[in-house]
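Encoded structure:
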C-alpha cells in the first residue's frame with residue numbers, strides 16, 4: 138500500500154496545484170482563461186486514470202504475493218552496471234560526439250536489458266538519436282558535442 142501512495146504523490150501534487158491555479162484564475166476575464174478549464178478537467182481525468190491503474194497494480198501484487206518466491210530475482214549489480222554505462226557515456230560524449238555516442242549507448246543498454254533483436258536495437262538507437270539530435274540541435278539550437286566526425 139505504501140508503494141501505491143508513493144506512486145500517486147506526483148499526480149496528487151499536480152492535481153492540487155491545478156485546483157489551486159483554477160481557483161486563482163476564477164478572477165480573470167473569460168478570454169484569459171479559455172484553456173484553463175479544459176486542461177484542469179483533463180488533469181482530473183488523468184488523475185482518476187492513474188488511481189485506477191495503481192489500484193489494479195496493487196491488486197495484482199497482492200493476488201500474486203505467494204508466487205513472488207518463484208520469480209527470478211534481478212541481479213544485484215545490474216543497476217550498478219547501468220550506472221557505469223551512463224557514467225561512461227558522459228565521459229566519452231565530448232570526444233566521440235553526441236550522435237555516435239548516443240547510438241552506442243542505447244544499443245548497449247538495450248542489449249544489456251535483454252533486447253536481442255538486432256533490427257529493433259539498431260532502428261531504435263539510430264532513430265532515437267536522430268530525433269533527439271534534431272530536437273536539440275535544430276529546433277532548440279542547443280550546442281551538442283560534435284566529435285571528430287562533425288555530428
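In the numbering used here, the protein residues as written are 138 to 288. Quick reminder that beta carbons are idealized off the backbone N, C-alpha and C, glycines included.
Coil, strand or helix - residue i by DSSP
i, result
"residue 253", "coil"
"residue 279", "coil"
"residue 159", "helix"
"residue 214", "coil"
"residue 171", "coil"
"residue 285", "coil"
"residue 164", "coil"
"residue 145", "coil"
"residue 208", "Low confidence applies to residue 208: its pLDDT is 48, below 50, so where it sits in the model is not reliable enough to give any reading."
Exposure label - residue i; buried when at least 16 CB within 10 Å
i, result
"residue 239", "buried"
"residue 243", "buried"
"residue 236", "buried"
"residue 343", "Outside the shown range of the chain (138 to 288) lies residue 343, about which nothing can therefore be said."
Chain-order list of residues whose beta-carbon lies under 8 Å from that of residue i (same chain, five-residue window excluded)
i, result
"residue 145", "187, 188 and 191"
"residue 246", "219 and 222"
7 Å Cβ shell around residue i - same chain, five flanking residues per side excluded
i, result
"residue 184", "148 and 152"
"residue 265", "243"
"residue 180", "151, 152 and 155"
"residue 282", "230, 231, 234 and 235"
"residue 274", "281"
"residue 252", "258"
"residue 263", "240"
When the options are compared against residue i, the one with the closest alpha-carbon
i, options, result
"residue 157", "177, 142, 171 and 167", "177"
"residue 214", "284, 258 and 249", "249"
"residue 241", "252, 258 and 251", "258"
Neighbourhood of residue i by C-beta distance below 6 Å, restricted to the same chain and skipping five residues each side
i, result
"residue 256", "none"
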